[in-house]
Amino acid sequence: MQNQSAGHMKTHFFKVVQTVAQHGSFSEAAAILGSSQSNISYAIKEVEDFFEKRLFIRSRTGCTLTPEGKVINQTLGNIMATLEQLKKMGSAAA
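The opening position of the sequence shown corresponds to residue 16 in this note's numbering, with each subsequent residue numbered one higher.
So this is what it looks like as structure tokens:
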């Protein structure tokens with residue numbers, strides 16, 4: 016069952032998941048995105064709560080995607096690419 020508090024997922028959180036996955040580190044993702052590590056952790060928790068799946072295996076040396084996290088991350092990438100296409104279509108029509 017989906018968490019009601021996560022009913023409205025922010026697309027920025029998708030970018031956070033992708034950046035953490037790509038770099039294997041919350042702190043590196045924070046630096047790249049110009050954010051704090053606590054904001055990155057919050058975004059990841061929101062996405063995990065939304066999907067009711069743990070996305071990352073965390074360790075002292077970084078993090079890696081869980082099997083479910085790999086599928087979700089790939090799907091989020093597809094969603095972000097589609098959103099970019101829609102933005103371009105919208106700006107071309109204006």
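No residue lacks a Cβ here, since even glycine has one placed at the ideal position from N, Cα and C.
Would you list the residues sitting across from Ile-87 in a DSSP beta bridge?
-> In the DSSP output, where bridge partners are listed per residue, Ile-87 has none listed.
From this set, Ile-59, Thr-76, Lys-30 and Ser-106, which residue's C-alpha is nearest Gly-39's C-alpha?
-> Nearest option by C-alpha distance: Thr-76.
For Ile-87, which residues from the same chain have a beta carbon less than 7 Å from its beta carbon, with the 5 sequence-adjacent residues on both sides left out?
-> If we look at Ile-87 and ignore the five residues flanking it on each side, its Cβ neighbours are Phe-66, Lys-68 and Leu-70.
Anyone know if the C-beta pair for Met-95 and Lys-25 falls short of 8 Å?
-> Here Met-95 is not near Lys-25, since their CB atoms are 8 Å or more apart.
Alpha carbon to alpha carbon, how far is Cys-78 from Ser-56? Give it in angstroms, no decimals.
-> Just so you know, the alpha carbons of Ser-56 and Cys-78 end up roughly 12 Å apart.
Own chain partners of Ser-20 with C-beta closer than 6 Å, once the 5 adjacent residues on each side are dropped = Because the pLDDT of Ser-20 is 46, which lies under 50, any placement of that residue in the model is unreliable, and the number read from its coordinates should be weighed accordingly. Beyond the five residues adjoining it in sequence on each side, Ser-20 comes within less than 6 Å, by CB distance, of no other residue in the same chain.
Would you mind reading off the limits of the beta strand (DSSP E) that contains Thr-79?
-> 77–80 is the span of the beta strand (DSSP E), which, as asked, contains Thr-79.
Cβ-based neighbour list, Ile-47, same chain, cut-off 8 Å, excluding 5 preceding and 5 following = Around Ile-47: Thr-34 and His-38.
In chain order, what residues of the same chain lie with their CB nearer than 8 Å to the CB of Thr-97, ignoring the 5 residues before and after it?
-> Excluding residues up to 5 positions away in sequence, nothing lies with its Cβ nearer than 8 Å to the Cβ of Thr-97 in the same chain.
Using a threshold of 8 Å, state whether the C-beta atoms of Ala-58 and Gln-52 are closer than that.
-> Taking 8 Å as the cut-off, the beta carbon of Ala-58 is found no closer than this to the beta carbon of Gln-52.
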